[in-house]
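Everything below concerns the one structure shown next.
Protein chains: 2
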Amino acid sequence: METRRDVFQAIADPTRRAILLLLASQAMAPNAIAEEFHTSRQAVSKHIQILTECDLLKQEQRGREIYYHINGNKIQEVDQWIAQFKSILETQFNQLDKVLLSMKKQNK
Amino acid sequence: METRRDVFQAIADPTRRAILLLLASQAMAPNAIAEEFHTSRQAVSKHIQILTECDLLKQEQRGREIYYHINGNKIQEVDQWIAQFKSILETQFNQLDKVLLSMKKQNK
DNA sequence: AGATAATGCAACTATCTGATTGCGCAAATT
DNA sequence: AATTTGCGCAATCAGATAGTTGCATTATCT
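Residue numbers (our numbering), protein chains in the order written: chain A, 8 to 115; chain B, 8 to 115.
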């Protein structure tokens with residue numbers, strides 16, 4: 008379990024994505040989170056641990072409860088990858104436009 | 008290997024993300040793709056298979072070569088999840104704004 | 001037609017992953 | 001002070017995953 012954690016690997020699991028969406032609207036403690044799912048508390052706890060390890064979640068201790076909330080900045084890593092990807096694709100489309108345009112000209 | 012494939016799981020692997028970025032700028036055949044990485048042809052071929060299984064890649068046979076290119080639509084699945092996520096977060100911030108605003112009013 | 005090149009596919013293996021079980025510790029409740 | 005509650009941590013296990021090796025298939029080249 009001491010594997011290097013990565014945001015992309017973290018969101019690969021559907022339960023973890025659900026946890027992230029759940030915590031997006033409010034900070035929650037592990038027990039409360041676990042009640043939202045059909046898995047055990049320990050299973051959810053492990054997911055939380057993984058999400059925390061890669062900085063997607065932050066802890067906040069309140070008495071004996073630990074509230075977890077989203078670290079929005081970290082999600083940007085995924086967002087940026089997608090953006091980079093889309094940027095390259097769009098460049099492609101633009102070049103395609105140029106090709107189509109030059110073909111039109113040739114036909115004249 | 009007959010597990011259900013999922014876009015999020017597909018992009019969890021760094022090599023697969025690299026393949027996607029590589030193919031974003033141009034369609035390529037497996038051998039050419041493999042030359043860009045330090046892994047074997049078969050390993051890359053497996054990644055391509057996984058990416059194809061979940062519709063991130065499309066095949067195009069040209070003679071004995073098979074060119075793979077990106078299916079842009081599928082990337083949107085990830086993009087949409089991120090968008091949904093950000094939307095919820097922004098709603099939170101807006102609500103926070105409201106709270107701060109009402110606190111200001113109370114102080115008057 | 002025979003050799004070579006480009007791939008896919010199947011078997012096998014080491015490692016990783018998600019889930020369960022059991023334990024221990026600190027905070028809150030009685 | 002004793003009990004309960006909320007939680008993390010370690011061990012364990014079945015299933016998944018990435019990579020290697022070897023072989024079969026089809027297209028191109030000589």
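Virtual Cβ for every residue (Gly too), placed ideally from N, Cα, C. Small disclaimer: the values here were computed from a predicted structure and weren't measured.
Please work out which residues of its chain come closer than 6 angstroms, Cβ to Cβ, to residue i, disregarding the five sequence neighbours upstream and downstream, and give them in chain order.
i: isoleucine 3(B); result: Beyond the ends of chain B as shown, which are 8 and 115, falls residue 3(B); an answer cannot be given.
i: glutamate 72(B); result: Ala36
i: arginine 69(B); result: none
i: isoleucine 82(B); result: none
Which residues in the same chain as residue i place their Cβ atom closer than 7 angstroms to its Cβ, once the five residues preceding and following it in sequence are excluded?
i: leucine 96(A); result: none
i: glutamine 16(A); result: none
i: alanine 50(A); result: none
i: valine 14(B); result: Cys61, Leu63, Lys81, Glu84 and Val85
For residue i, I'd like the list of residues in its chain whose CB is within less than 8 angstroms of its CB, leaving aside the five on either flank, ordered along the chain.
i: threonine 46(B); result: Thr22
i: glutamine 66(B); result: Thr59, Ile73, Tyr74 and Tyr75
Residue i lies in the beta strand (DSSP E); which residues open and close that run?
i: arginine 69(A); result: 64-69
i: isoleucine 18(B); result: Isoleucine 18(B) -> no beta strand (DSSP E), and no H or E assigned at all.
i: histidine 76(B); result: 72-77
In the DSSP assignment, find the alpha helix (DSSP H) that holds residue i and state where it starts and stops.
i: isoleucine 26(B); result: 21-32
i: histidine 54(B); result: 48-60
i: isoleucine 40(B); result: 37-42
Can you have a look at residue i and say buried or exposed, based on whether 16 or more other CB atoms are within 10 angstroms of its CB?
i: methionine 35(A); result: buried
i: phenylalanine 100(B); result: exposed
i: alanine 31(A); result: buried
i: threonine 107(B); result: Before going further, note that residue 107(B) is leucine rather than threonine in the sequence given. Leucine 107(B) comes out exposed.
i: leucine 64(B); result: buried
i: glutamate 9(B); result: Unreliable positioning characterises glutamate 9(B) in this predicted model, as indicated by a pLDDT of 47, which lies under 50. A coordinate reading is not provided.
Please confirm whether residue i and residue j have their CB atoms less than 9 angstroms apart.
i: tyrosine 75(A); j: leucine 58(A); result: yes
i: isoleucine 40(B); j: leucine 28(B); result: no
i: isoleucine 126(A); j: histidine 54(A); result: It is not possible to answer for residue 126(A), since the shown part of chain A is limited to 8 through 115.
May I ask whether a heavy atom of the ligand GDP can be found less than 8 angstroms away from the beta carbon of residue i?
i: glutamate 72(B); result: Judged by which ligands are present, the structure shown has none, so any question about the ligand GDP falls away.
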